[in-house]
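In my numbering, the protein residues as written are 52 to 329.
C-beta: ideal position from N, C-alpha, C; glycine also.
A quick write-up on the structure given underneath.
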């Protein structure tokens with residue numbers, strides 16, 4: 052069974068309207084497709100607008116009904132956790148309920164710069180965050196990123212964790228992180244222990260590769276092996292922002308999961324979450 056629960060469309064920063072994406076998914080043989088637009092963030096124009104949430108959910112529901120004989124369509128959202136913002140977006144707006152929520156961290160607040168900065172945005176922005184926000188201390192920036200994930204896992208409810216190590220996205224260009232250093236793996240493992248205790252699944256995300264930012268999956272293979280040791284459930288997602296990438300590098304992700312020791316993956320259908328063979 053082929054599924055993808057991390058899909059962006061033109062309701063946020065994705066390319067393509069939902070119906071075009073659904074038609075492409077059907078052509079690609081995808082059985083279950085979940086839309087996951089970015090949750091509203093005040094002052095940002097690349098996320099869902101708060102007043103557009105009901106419109107977004109209604110549109111996904113209408114298309115789900117229209118194409119129900121060919122594909123199962125679900126309405127989700129990728130929630131952005133910001134450690135300095137105590138208001139986690141609720142799971143529903145008005146009477147428009149979501150099928151699932153992805154928990155993700157994209158932002159860190161810099162006291163020195165007095166602004167939110169993206170850890171996976173343009174190279175120039177991350178370089179500024181490290182050089183000016185952290186006085187060149189990239190390790191502290193990375194540690195703060197994982198601390199934010201730890202806070203999110205501890206404080207909030209979500210259905211699975213999005214792109215665990217996305218902080219490495221610009222590492223190929225900027226060279227600020229050695230993923231083989233002991234401190235780094237220990238920091239990641241501390242987060243994995245929280246996932247294990249809370250029984251939260253983690254996605255294998257192919258988006259960095261499909262967009263040319265990385266040569267590696269999220270998470271990297273050493274981290275994926277540590278996930279398997281702790282029996283942390285997985286699911287495979289593309290994090291697509293373009294319909295052509297809906298199932299990009301899925302075989303690579305499956306092979307990585309098998310190599311790490313996994314034999315099953317999680318899926319969500321109308322009966323809830325369940326485990327199926329990879």
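Counting every other CB atom within 10 Å of its CB across the protein chains shown gives residue 217 a total of 16 or more, marking it as buried. With contact defined as three or more Cβ pairs closer than 8 Å, the segment 206–213 and the segment 116–126 are not in contact. Per DSSP, the unbroken alpha helix (DSSP H) holding residue 234 starts and ends at 233–249. Buried is the label assigned to residue 299, since at least 16 other Cβ atoms lie within 10 Å of its Cβ. Between residue 150 and residue 286 the beta-carbon gap is near 14 Å, outside 8 Å, which marks them as no contact. Taking the CA atoms as reference points, residue 108 sits about 15 Å from residue 72. A straight-line Cα-Cα distance of about 34 Å links residue 274 and residue 104. For residue 314, the secondary structure class from DSSP, reduced to helix, strand or coil, is coil. Segment contact: the segment 167–186 against the segment 222–234, three or more CB-CB distances shorter than 8 Å; contact assigned. DSSP, reduced to helix, strand and coil, places residue 197 within a helical segment of the structure shown. Under the three-state reduction of DSSP, residue 328 is assigned to strand. When rounded, the separation of the alpha-carbon atoms in residue 316 and residue 291 is 19 Å.
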